[in-house]
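A.B. asks: Structure below; questions to follow.
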Amino acid sequence: MNAIRITGIVLIVLGVAGFFTGGFSFTKDTTKANIGPIQLTVQEKESINVPQWLSIGAIVLGAVVLVMGSRKS
């Protein structure tokens, strides 16, 4: 398998994952205050939404790259 086919497959997999999950979230630690030896940290939950049009575009682009990679060989 060459790099073009692998890129196409990765785009399709990421597009499908983004389409079905709709996004992802993560926790970020933030230091709010340092008072001498005492440190106050806050955990913030961040969410990133993946638009459906972007997921569908990645699937279509991955399919095009996969087909074009197959034609060159």
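Residues in the sequence shown are numbered from 4 upward in steps of one, following this note's numbering. Note that CB positions come from ideal geometry on N, CA and C, so glycine has one too. From a predicted model like this one, the values you see are computed outputs, not experimental measurements.
1) DSSP on G21, reduced to helix/strand/coil?
2) Could you tell me the boundaries of the beta strand (DSSP E) in which V45 lies?
3) At the level of alpha carbons, what is the spacing between E49 and G11?
4) Taking the beta strand (DSSP E) that N5 falls in, what are its first and last residues?
5) Shortest alpha-carbon distance to M32 belongs to which of E47, M71, G39 and L57?
C.D. replies: By the coordinates alone:
1) In the sequence shown, the residue the question calls residue 21 occupies position 18. Helix.
2) What you label residue 45 is simply residue 42 of the sequence shown in a count that begins at 1. Per DSSP, V45 is one residue of the beta strand (DSSP E) stretching across I41 to N52.
3) Taking the first residue of the sequence shown as position 1, residue 49 is located at position 46. Taking the first residue of the sequence shown as position 1, residue 11 is located at position 8. In a straight line, the C-alpha of E49 is about 29 Å away from that of G11.
4) Position 2 of the sequence shown, counted from the first residue, corresponds to residue 5. Annotation: N5 is outside any beta strand (DSSP E) and is labelled neither H nor E by DSSP.
5) Against the sequence shown, residue 32 aligns to sequence position 29. Correcting the residue type first, residue 32 is Asp in the shown sequence and not Met. Ranked by Cα distance from D32, the first of E47, M71, G39 and L57 is E47.
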